[in-house]
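*Asks:*
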Amino acid sequence: MGRMFGSSRFMAPEELEWGARIDERTTVFTMGRTAAVLLSDGTLERRPFRGSDALYDVVRHACHDDREKRYGSMATFFAAWMDAHVSEL
């Protein structure tokens, strides 16, 4: 297949499958993984996550291996992120 672009730590599972559908849910996963790296040690474990339980739940939802169980759009992910952020203020 040749070399894939991007860091595998940010890739959604479907990005590793030849011919898989790549769409907005894939981007949601990438944003969730980015948040996990920035707010923890890069894992999806609760203990190192430096944020509220609500924010942690948003990140876990965004990074679900089953694409159908992730947020359906970046707008929905962003709204959940903002709701979680506001709830901790």
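Heads up: the sequence shown begins at 393 in our numbering, then just goes up one per residue. The beta carbon of each residue, even a glycine, is placed where N, CA and C say it ideally should be.
#1: Beta-carbon within less than 8 Å of E406's beta-carbon, same chain only, minus the 5 sequence neighbours each way: which residues are those?
#2: Can at least three beta-carbon pairs, one atom from the stretch 464–481 and one from the stretch 428–435, be found at a separation below 8 Å?
#3: At what residues does the alpha helix (DSSP H) containing F445 begin and finish?
#4: If we call anything under 8 Å between Cβ atoms a contact, is Y448 one with V420?
#5: How big is the Cα-Cα spacing for S444 and E409?
#6: Using the rule of at least 16 other Cβ atoms within 10 Å of the residue's Cβ for burial, across every protein chain shown, is V450 buried or exposed?
#7: Go ahead and pull the three-state DSSP assignment for G464.
*Replies:* Taking the structure as given:
#1: A412, R413, I414, T418, R459
#2: no
#3: The displayed chain sequence assigns Asp, not Phe, to residue 445. Element bounds for D445: 445–454.
#4: no
#5: 33 Å
#6: buried
#7: coil
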